[in-house]
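Read through the structure below, which is laid out as structure tokens, and then see the notes.
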Amino acid sequence: MRTGAAAGHRGYYHEAVYYSSDKALLDTAVPFLLGGIEAGEPTVVSLGERKTALLRERLGDLDGLVYQGGGAVYARPAVAIRAYRDLLTGFVAEGAAQIRVIGEIPPEGLGATWDWWARYEATVNVAYREFPLWSMCIYDTRSTPAHVLDDVARTHPRRAGPGGDHRPNPDYVGAAGFLSAPRVVEPDPVEATPPLVDVTGVAPSAARRALLGVNSAGVGQDDFEDFLVAVSEVVTNAIEHGAPPVRMRCWATDGRLVVTVTDRGPGPADPFAGLLPAAKAPNGGLGLWLAHQLCNHVVFGRNQEGDFVVRLTAGRPPV
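Numbering (our numbering), first residue to last: 1 to 319.
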């Protein structure tokens with residue numbers, strides 16, 4: 001039987017927490033976590049070091065309270081979804097009637113790479129709906145950009161705050177609604193420079209060969225090999241599901257490789273493409289899903305010329 005504000009709820013109970021002081025955060029988080037411990041529910045803290053330290057100072061190491069480093073969990077959105085699904089599946093197999101998690105996107109995810117974390121916040125409403133999960137996603141209003149807070153409001157069905165405040169969120173637009181909105185992909189600053197590779201009508205194998213000579217950006221060998229796989233998959237997607245001409249360009253800067261693949265097609269029909277695997281995305285998306293697993297940033301949508309574009313980054317993400 002589920003407890004607390006989620007009592008009687010089926011599936012995922014997804015709340016956003018806006019806070020502007022450590023006290024407000026603790027006044028919301030501590031009752032949530034203690035309620036889980038008292039009910040014998042798996043209770044997980046997945047925050048950065050400073051906020052984890054705040055909770056440890058207040059709560060200590062209680063039996064049943066799991067502290068896991070938020071940075072490792074939130075390395076990439078698709079990786080985070082896969083890791084949490086594995087965690088939740090394990091808890092349910094052990095008989096959990098409810099699981100509580102408090103987590104946060106790392107600060108660097110609230111900047112230039114927020115686009116794919118915004119898609120993550122929308123997608124998890126579907127990715128975790130089969131689990132008896134109650135989660136709080138925390139956002140510090142003192143440091144979180146206004147456009148991020150706007151996206152948070154549109155991707156969380158509920159809000160929570162101090163004093164047992166739990167309420168529906170009237171700004172929630174639904175996962176598919178948020179993800180289906182047209183997205184214009186603004187150019188990465190590196191795209192203002194001449195590309196090292198610029199090919200049209202390229203086959204996936206030829207795309208891989210074209211990139212083999214450009215790893216001068218200080219990207220590690222393992223990351224570079226993963227990047228080659230991701231680019232090949234995205235080129236394959238463009239050929240099979242897009243419309244010609246398919247164009248691939250590559251830029252390299254210190255610690256970064258950036259590739260764009262463009263075509264004249266409509267893009268994936270499935271709004272969850274990239275963040276859920278193909279079994280849950282029957283209308284395409286396997287290549288994008290692999291790219292989200294293997295790259296340090298992926299964004300897709302329409303470019304300023306109206307083409308469908310996928311931009312992949314290896315090494316240091318954009319800042």
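Where is the CB? At the ideal position from N, CA and C, for every residue including glycine.
Exposed unless 16 or more other CB atoms sit within 10 angstroms - verdict on residue i
i	result
His-241	buried
Pro-282	Only weak support is given to the placement of Pro-282: the predicted model assigns it a pLDDT of 43, under 50, and the question is left unresolved by the model.
Ser-143	exposed
Met-1	exposed
His-65	Per the sequence shown, residue 65 should be read as Leu rather than His. Looking at its Cβ environment, which holds 16 or more other Cβ atoms inside 10 Å, Leu-65 is buried.
Val-261	buried
Pro-132	buried
Leu-322	Nothing can be reported for residue 322, as the shown portion of the chain is limited to 1 through 319.
Thr-313	buried
Ser-232	buried
Lys-23	exposed
Val-184	exposed
Gly-103	buried
Arg-76	buried
Thr-193	exposed
Gly-306	exposed
Gln-221	exposed
Arg-94	In the sequence as presented, Arg is not what sits at residue 94; that position holds Glu. Its Cβ having fewer than 16 others within 10 Å, Glu-94 is exposed.
Leu-33	buried
Ala-53	exposed
Limits of the beta strand (DSSP E) - the one that residue i falls within
i	result
Asp-171	Premise fails: Asp-171 is in no beta strand (DSSP E) and is neither H nor E.
Thr-262	256-263
Tyr-18	13-19
Leu-312	308-315
Arg-321	Outside the shown range of the chain (1 to 319) lies residue 321, about which nothing can therefore be said.
Arg-159	158-161
Extent of the continuous alpha helix (DSSP H) run through residue i
i	result
Thr-155	146-155
Helix, strand or coil at residue i [DSSP, three-state]
i	result
Asp-140	strand
Gly-8	coil
Ala-243	coil
Leu-276	strand
Thr-28	helix
Met-1	coil
Arg-119	helix
Gly-269	Looking at the sequence provided, one finds Ala at residue 269 rather than Gly. Coil.
Cβ-Cβ separation, residue j to residue i (assumed contact under 8 angstroms), whole Å
i	j	result
Tyr-128	Leu-88	7 angstroms
Ala-175	Ala-122	5 angstroms
Cys-250	Val-319	Actually they do not touch by this definition, with Cβ atoms about 19 angstroms apart.
Pro-168	Arg-154	Not quite, the Cβ-Cβ distance comes to about 14 angstroms (not below 8 angstroms), so this is no contact.
Tyr-13	Trp-134	4 angstroms
Val-45	Ile-81	Not a contact, Cβ separation roughly 19 angstroms.
Pro-317	Thr-113	5 angstroms
Leu-294	Asp-226	4 angstroms
Val-246	Val-202	7 angstroms
Pro-145	Leu-110	6 angstroms
Ala-16	His-156	4 angstroms
Met-136	Ala-5	Their Cβ separation, rounded to whole angstroms, is 10 angstroms, which puts Met-136 and Ala-5 out of contact at 8 angstroms.
Gly-213	Pro-31	Not a contact, Cβ separation roughly 58 angstroms.
Ile-99	Glu-41	6 angstroms
Proximity test, Cβ basis, 8 angstroms: residue i and chain B
i	result
Leu-288	Considering every chain present, this structure includes no chain B. It has just one protein chain.
Query raised in the report: At which residue ranges does the region 37-113 contain complete beta strand (DSSP E) runs of 3 or more residues, listed in the order of the chain?
Result: Counting whole runs of 3 or more residues, the region 37-113 contains the beta strand (DSSP E) stretches 43-46, 65-67, 99-103.
Requested in this report: Just list the alpha helix (DSSP H) runs in the region 180-239, keeping only unbroken ones of 4 residues or longer that don't cross its boundaries, in chain order.
Outcome: If we require 4 residues or more, the alpha helix (DSSP H) runs fully inside the region 180-239 come out as 204-211.
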